[in-house]
Every structure is written in structure tokens, then in C-alpha cells.
Amino acid sequence: MKSAVTLATVTTEFLERPGLAPSTRETYELTLGLLLQKYGSWSIEIISKQTLVEYLNNLSHLKYTTHHKHQAILQSLLNFAVEQGYIKNNPIRGLKQRLPEREKGEHKSDETIRYLTQSQLNILYAAVKDDLRLSAIVHLLHRTGCRIGELLALNIDSVDIKNQKFQVLGKGNKQRWCYYSEDAARALAKYLKYSRHQNTDALLTAQHPVTLKVSRISYHTLHDYWRETTNKHPQLQGVRIHDLRHTFATERVGLISIEELCSLMGHESIQTTLRYAKVTSQKSESAARHAFNILINCDQKADL
């Protein structure tokens with residue numbers, strides 16, 4: 173065992189691991205921030221299961237899916253501490269995740285996967301048309317199904333413009349190709365020609381309004397632009413950037429095999445992909461009613 177160190181020290185080492193994507197590191201920093209405020213100065217050896225369970229229980233204001241993310245990141249941090257020899261065992265290993273609470277409107281059903289309808293997509297594309305950077309981002313997320321963190325981590329030389337594809341580093345450090353459509357190619361070309369800053373390797377750039385320093389656009393900056401845009405339209409209220417990835421998947425269920433969709437999405441388990449097959453129940457009802465209308469109209473014409 174190594175000499176006692178604080179939770180803050182171990183967390184710093186955890187975040188500085190080589191190969192960790194900048195967007196992932198930023199997510200981890202935000203998620204672990206509250207934990208460090210409370211226990212950062214504690215020796216990691218004295219942080220018990222009871223302490224951590226109480227901490228997680230105090231996050232009851234979070235949606236259960238977000239709560240699961242907090243627990244998973246905390247679990248990864250403690251697994252890292254075990255690997256580095258700071259503690260012998262992960263104190264929350266095997267801890268069950270919080271269940272959804274129906275009184276809060278939480279439930280495991282088709283509705284947990286949120287996707288944009290065609291009407292919402294039309295409104296969104298019109299809303300971002302004049303913002304070349306946001307338009308490119310929306311097109312690429314919707315047409316490729318990649319994660320927002322994967323897209324923001326791309327460098328300009330990671331994109332194969334000619335063949336309309338780019339390679340991302342997904343979960344588990346697995347690489348995969350993402351392929352985009354003609355409309356996404358046009359949106360990307362406009363952004364590259366008229367809006368992207370040239371003196372950086374990042375594909376998606378931003379410039380600080382005061383220092384004028386150019387850097388890779390952060391998730392927080394993008395989120396602010398996203399909220400500013402979507403809040404102007406009642407039909408887009410509550411729509412998340414991540415919902416574009418869900419939209420990509422639900423549009424392809426039934427058009428390609430589940431195995432092919434699993435590969436395109438970068439899922440580690442096909443069980444994750446199968447959720448999108450279930451979400452089609454709502455779409456199936458709409459299709460069924462549309463078919464009824466067609467059949468009724470045909471029957472009426474036949475009676476004439």
C-alpha cells in the first residue's frame with residue numbers, strides 16, 4: 173500500500189490519466205466537484221461505504237439517469253484508487269443503482285429515450301441555419317449518431333472530407349467510423365469556409381470575447397448556445413443535444429440490422445441498442461393509425 177493521500181490528490185491523478193478525452197475529463201471534473209467540496213481533504217483510506225452511500229443519497233434531486241452517471245464515475249475513481257494501491261478494495265463495489273421513482277415521473281419505458289419528431293427537426297434546422305457552427309454541429313450529430321463529446325474532441329485532420337466520414341474515440345477507448353450525409357457535408361463546408369478559426373487543430377472552435385484566445389469549443393459554451401436557440405421555440409423546449417443521437421438511432425431501427433446499428437452507435441452491448449427497438453412502439457402506433465386511414469380511404473373509394 174502507498175502512503176495515505178487525500179481524495180483530492182487521487183482525483184487529480186484520475187483526471188490526468190493519458191488518453192482521457194478532454195470532453196470526458198470535463199464531465200468528470202463537473203461530476204466530482206461536489207464530492208471534492210465535501211471530502212476532498214479527507215484521506216482516501218478513511219472514506220467508508222456509509223459515507224459514500226450517504227453522499228449519493230443526498231443527490232436525490234438528480235434524475236435517476238444522472239444519478240447513475242454520478243455513481244458510475246465515482247465507482248471508476250475508486251477502482252482507479254485500488255489499481256494505484258491507495259486502497260485495498262472499492263468500498264461501493266456492487267452497490268445497486270438508484271431505482272426510478274414513479275412519483276417523480278421517472279419510469280423505465282419507451283419514453284426514457286427521447287428523440288425529435290420530424291416537425292421538431294424542421295424547426296431546429298431552420299433555427300440554426302444562420303449560425304454556421306451550430307448548424308454544422310446539429311447536422312453532424314443528427315446524421316452520424318456520434319456522442320457530443322466525441323464530436324467536440326475531433327481535430328480538423330480527423331475528418332475525411334472527400335469520403336464524408338470521421339473516426340472517433342468512443343467509450344472503452346474504441347475507435348469507430350462515423351459517416352455523414354450530403355446535407356451535413358454542405359453544412360460542414362460552410363462552417364469550415366466562413367466560420368472556423370484557422371489557428372488551431374480543433375475542428376470546432378471558439379474565441380474568447382475578451383482575450384480573443386481561440387480554442388476548442390467547450391460543452392458548456394455549446395450548451396449555452398443550444399439553450400439560447402431552443403428556448404426561442406416552444407416545440408423545442410426541453411430538447412437536449414443528446415436527443416439528436418437518439419433520433420439518429422430511432423430513424424434507423426428496422427432499416428438496418430440491430431448489429432449494424434450497434435456498431436454505428438459504438439455501443440459496448442447490443443442490449444443498449446435494443447432499447448431503440450422498444451422505443452418504436454410509439455412510432456408503430458402512429459404508423460398503424462396512418463395505415464388505418466389509408467385502408468379506410470381505399471374502402472370508401474371502392475364503394476363509390
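Under our numbering, think of the first position of the sequence shown as 173, with each following residue one higher. Even for Gly, the Cβ is constructed at its ideal location relative to N, Cα and C.
Helix, strand or coil at residue i according to DSSP, with G and I counted as helix
{"i": "Leu313", "result": "helix"}
{"i": "Lys337", "result": "strand"}
{"i": "Gln256", "result": "coil"}
{"i": "Gly191", "result": "coil"}
{"i": "Thr178", "result": "strand"}
{"i": "Val386", "result": "strand"}
{"i": "Ser248", "result": "helix"}
{"i": "Ser307", "result": "helix"}
{"i": "Gln379", "result": "strand"}
{"i": "Pro263", "result": "coil"}
{"i": "Asp415", "result": "helix"}
Rounded separation between residue i and residue j - CA only
{"i": "Thr289", "j": "Thr203", "result": "31 Å"}
{"i": "Gln347", "j": "Gln339", "result": "7 Å"}
{"i": "Glu201", "j": "Glu185", "result": "12 Å"}
{"i": "Asn251", "j": "Asn262", "result": "6 Å"}
{"i": "Asn403", "j": "Lys337", "result": "31 Å"}
{"i": "Arg197", "j": "Leu467", "result": "54 Å"}
{"i": "Leu224", "j": "Gly205", "result": "14 Å"}
{"i": "Ala217", "j": "His233", "result": "According to the sequence as given, residue 217 is Glu; it is not Ala. Those two C-alpha atoms are separated by around 28 Å."}
{"i": "Val300", "j": "Leu312", "result": "13 Å"}
Identified DSSP bridge partners for residue i
{"i": "Ala374", "result": "Asn327"}
{"i": "Gln347", "result": "Leu341"}
{"i": "Ile428", "result": "Val425"}
{"i": "Asp332", "result": "Lys337"}
{"i": "Ser215", "result": "Thr178"}
Beta-carbon proximity check, residue i vs residue j, cutoff 9 Å
{"i": "Gln247", "j": "Leu231", "result": "no"}
{"i": "Val177", "j": "Ser220", "result": "no"}
{"i": "Ala378", "j": "Thr393", "result": "yes"}
{"i": "Phe420", "j": "Arg286", "result": "no"}
{"i": "Ala374", "j": "Ile328", "result": "yes"}
{"i": "Leu436", "j": "Arg424", "result": "yes"}
{"i": "His501", "j": "Arg270", "result": "Residue 501 lies beyond the range of the chain shown here (173 to 476); nothing can be said about it."}
{"i": "Val182", "j": "Ala244", "result": "no"}
Proximity test, residue i beta-carbon vs the ligand MN heavy atom, cut-off 8 Å
{"i": "Leu267", "result": "With respect to small molecules bound, the structure shown includes none, and the ligand MN cannot be examined in it."}
For the stretch 387 to 400 and the stretch 287 to 306, state whether three or more C-beta atom pairs, one from each stretch, are separated by less than 8 Å.
yes
When you compare the stretch 349 to 367 with the stretch 405 to 419, are there three or more beta-carbon pairs, one atom per stretch, that lie closer than 8 Å?
no
Quick check: the stretch 439 to 451 against the stretch 318 to 325, are there 3 or more CB pairs under 8 Å?
no
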